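Going by our numbering, 213 is the number at position 170 of the sequence shown; the sequence numbering is gapless. So the structure is just underneath, and the comments pick up after that.
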Amino acid sequence: MTTLPERPNTALLVIDVQNGVVAGSHNRDGVIANINTLLGRARAEGVPVVWVQHSDESLPQGSDAWQYVPELVREDTEPLVHKRYGDSFEDTELETVLAERGVGRLIVTGAQTDACIRSTLHGALVRGYDTTLVGDAHTTEDLTAYGAPPPEQVVAHTNLYWGFQKAPGRQGGTVETAEVSFGSTD
């Protein structure tokens, strides 16, 4: 369904799985393993993979904390989009990268669930993309000291509410890694 009918392709989006972002995150290793599974499948099926990398004052570009985790390896042909805001589309070249590849549907993975993942999901939907969240391939840190729910509840709630998101001509959805289809529907 997508409101971008001239863009029939699907892309796998890997957001901010950086050393300083996921160091203490909930189910870090399991999430990274699931993203690696999806990377292998996407590459084998010829599905575009797009990487997003955040930087700000606490995550300076070029620092060790800013680097992607060593367990995930980007291929040279896979675009890397640099961002400074939560929404991966905001003030970046992401839209151009996706348009060049004819992408109208996104499969979203990465970190952090309650920040950049949520912002990007909503940013994609309002820009016309069908946007599927992989429920066991995103994570967040424990922010209970600041009044947030425990990270496993943040992940579960995001999975729940994103499963019901839709807008005219486009929709969200949540699936597990094993259920991901890179075809037109899940």
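For every residue, glycine included, the Cβ atom is placed at its ideal position computed from N, Cα and C. Predicted model, so just to flag it, every value in this text is computed and none were measured.
The region 119-126 contacting the region 61-81, beta-carbon criterion three pairs below 8 angstroms: no
What residue does the beta strand (DSSP E) around residue 213 start on, and which one ends it? 213-218
Using 8 angstroms as the threshold, is the C-beta distance between residue 134 and residue 197 below it? no
Inter-residue Cα distance where the pair is residue 209 and residue 85: 25 angstroms
For residue 65 and residue 145, I'd like the C-alpha separation in whole angstroms. 31 angstroms
Which value, in whole angstroms, describes the spacing of the CA atoms of residue 104 and residue 51? 34 angstroms
Tell me which residue opens and which closes the alpha helix (DSSP H) that residue 78 is part of. 71-87
Measure the C-alpha to C-alpha separation of residue 206 and residue 78 and round it to an integer number of angstroms. 19 angstroms
Spatial distance of residue 49 from residue 190 (CA atoms): 44 angstroms
Boundaries of the alpha helix (DSSP H) in which residue 205 is found, first to last residue: 194-205
Between which residues of its own chain and residue 217 is the CB-CB distance below 6 angstroms, once the five residues before and five after are set aside? 176, 178, 202, 205 and 206
What are the start and end residues of the beta strand (DSSP E) that includes residue 112? Note, residue 112: premise wrong, no beta strand (DSSP E); not H, not E.
Residue range of the alpha helix (DSSP H) that residue 141 falls in? 137-143
Starting from residue 163, trace the alpha helix (DSSP H) both ways and give me its first and last residue. 161-169
Simplified DSSP state of residue 153, which is helix, strand or coil: strand
Pull up the DSSP beta-bridge partners for residue 52, would you. 146
C-beta atoms of residue 150 and residue 223 nearer than 8 angstroms: yes
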